[in-house]
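All residue numbers for the sequence shown refer to the working numbering, where the first residue is -13 and numbers rise by one.
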Amino acid sequence: MLGDIITNLICEDEDEYHDFKEEWYVQNKKDEMIKDIFSFVNTAHHHDCYLIMGVKNDRDHTIVGIENDKNRYNTQKLTDYLGHLPIANHETPVVRVESLPIEQHTIDVIIIKDFNQVPVYLTKQYRPKKCTNIIQPGQIFCRLNDTNTAINQTAKDYQVGKLWKKRFRLDLPPKEQYKYKLSDITNWEYSEDGEKRFLYEFDPDYCIYLVDDIDKDSRHKIQSYSLSQNRARVNWETLNLMYKDRLIKSFTVVYLDQYRFLTVYPQESCLESSYTSMLVYRFILADSIDFYVEKFLLNQKNVFSPSPDSFQKDKLLESIVVFKDIEQKNIIDKELKKDISVIRKEVKPKSSQLNSIQKKVKLEFKYEDEVSINEITAACQEFNLGVYINDSKFPR
């Protein structure tokens, strides 16, 4: 994938996302290396950038390679170098060095990962060994189109303003800003004065409301992920993310363990569906706003808001699978389906498990027909499959 990206970039002129270097930086040009990396870190966009070493910045973007370059850095060496710089707030940029074969040569690519903690700058004067230029404290390098801030200058005010907006996510639409604000858990105020809500103290335009779930009477009264809690009964509500009077997104949420805490109703995934067998599990994607809401609910610091203890949290996540993204989920699902017959046997509820859950259910429900044996069996199997995937060898 990286090879395809770089091949395409080599066909294009330099811009705010990539730059060509004929060779690696020699010792007396380390000041230029710092400037170039900081310039790509300090970009107002939200994308990775690339310093492509071993390619001339001529009309044809001639590939000369760096296979004989004695000044090459690998990821660890470059990260260590940046880590020893007097960077403000110790916010070291995230970089990675990858080597790629191309046209009978080897090129190196410094991947500068998208970074939100901008602007990045030094807090002390710094002159790399054998370099003539001194990088000043507070000096900010930026990238504008195909040009970096000069080594003896600092970025213009309007460029720096864009970086501060990026840092505080003010350049993003409300839905994306919610991810940032939800991570700022301690600055939300919970109240039940007439209505249940979380109010973001630094910007009251962001408010989360808990309202009745209109479908609650038709929903199941137990869930697979509630079986491991002290109480198996669940209660349903709707959580609305609001910006001013605009609904950003609505979630179905579940009260667990006698209203002690809330969790987002996780998505369902089906590994097998037939007349005789149904294999499903519950999951959540770590790159989704759902996951940000989940972390927000599970890590509440306000003593008045519903919040789980460590035991309840661990038990909840025991059977809910957290994937990095949908691509990772699809890869793991494909691998799981190869062993579907083995999995079917492994996750089939044992009689001891069913008996235990039945006893728990009887203590909580007045009428036996409120939760059927089929519901209990399905919930147990769903629970077992989630635990099986979480315990599997697949990296997540």
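Using N, Cα and C, we set each Cβ at its ideal position, and we do this for glycine too.
How would you label residue i, buried or exposed, when you count the other beta carbons within 10 angstroms and need 16 or more for buried?
i       : result
Gly180  : exposed
Ser25   : buried
Glu356  : exposed
Glu187  : exposed
Lys152  : buried
Cys(-3) : exposed
Pro123  : exposed
Thr135  : buried
Val347  : buried
Val12   : exposed
Lys7    : buried
Ser263  : exposed
Ile120  : exposed
Arg268  : buried
Cys256  : exposed
Gly372  : buried
Gly51   : buried
Gln125  : buried
Glu254  : exposed
Asn370  : buried
Trp150  : exposed
Where DSSP assigns a beta bridge to residue i, which residues make up the other side?
i      : result
Cys256 : Val266
Glu223 : Asp198 and Val239
Asp5   : Leu37
Met228 : Cys193 and Leu233
Thr363 : BP columns for Thr363 are empty, so no partner.
Phe26  : Its beta-bridge partners do not exist; DSSP assigns none.
Asn397 : Only positions -13 to 382 of the chain appear in this structure, which leaves residue 397 out of reach.
Leu271 : Phe309
Ile73  : Leu108
Ile317 : In DSSP, Ile317 forms no bridge with anything.
Ile208 : Arg219
Start and end of the alpha helix (DSSP H) containing residue i?
i      : result
Pro160 : Pro160 to Ser169
Tyr186 : Here Tyr186 belongs to no alpha helix (DSSP H); instead the beta strand (DSSP E) covers Lys182 to Tyr186.
Ile326 : Ile326 to Val333
Asp414 : Within the shown structure, residues of the chain are numbered from -13 to 382, placing residue 414 beyond reach of any answer.
Asp66  : Thr61 to Gly69
Report the three-state DSSP secondary structure of residue i (helix, strand or coil).
i      : result
Lys152 : helix
Glu84  : strand
Asn288 : coil
Asn376 : helix
Asn216 : coil
Leu283 : helix
Tyr353 : coil
Ile49  : strand
Tyr112 : strand
Ile121 : strand
Asp145 : Residue identity check: residue 145 is Gln in the sequence provided, not Asp. Helix, per DSSP.
Asn370 : helix
Phe101 : coil
Lys345 : helix
Ser293 : coil
Glu18  : helix
Ser358 : coil
Gln244 : coil
Lys56  : coil
Lys323 : helix
Note the first and the last residue of the continuous beta strand (DSSP E) segment covering residue i.
i      : result
Leu302 : Counting along the chain, Leu302 falls outside any beta strand (DSSP E), though it belongs to the alpha helix (DSSP H) covering Ser296 to Leu303.
Ser177 : Trp174 to Ser177
Thr92  : His91 to Ile98
Ile306 : Ile306 to Phe309
Val250 : Phe247 to Val250
Please confirm whether any heavy atom of the ligand GTP lies closer than 8 Å to the CB of residue i.
i      : result
Asn102 : For the structure depicted, the ligand GTP is absent and the ligand set is empty, with no information on it obtainable.
Notebook entry, point to check: Touching or not, the stretch 174 to 188 and the stretch 329 to 339, by the rule of three or more beta carbon pairs under 8 Å?
Noted result: no
Checklist line | Contact between the stretch 23 to 39 and the stretch 91 to 108 (3+ Cβ pairs under 8 Å) | finding: yes
Margin query: Measuring CB atoms only, is the stretch 321 to 334 touching the stretch 241 to 256, in the sense that at least three cross pairs come out at less than 8 Å?
Written below: no
Check: For the 8 Å Cβ check, are there 3 or more pairs between the stretch 197 to 206 and the stretch 307 to 319?
Finding: no
Check: Counting Cβ pairs closer than 8 Å, one from the stretch 162 to 176 and one from the stretch 279 to 288, do we hit at least three?
Finding: yes
Notebook entry, point to check: Looking at C-beta atoms only, is the number of pairs between the stretch 341 to 351 and the stretch 299 to 318 that lie closer than 8 Å three or more?
Noted result: no
Margin query: Within 8 Å, do at least three Cβ pairs link the stretch 109 to 118 to the stretch 89 to 99?
Written below: no
Note to self: Tell me whether the stretch 209 to 216 and the stretch 350 to 368 touch, counting them as touching only if at least three CB pairs, one residue from each stretch, are closer than 8 Å.
What the structure shows: yes
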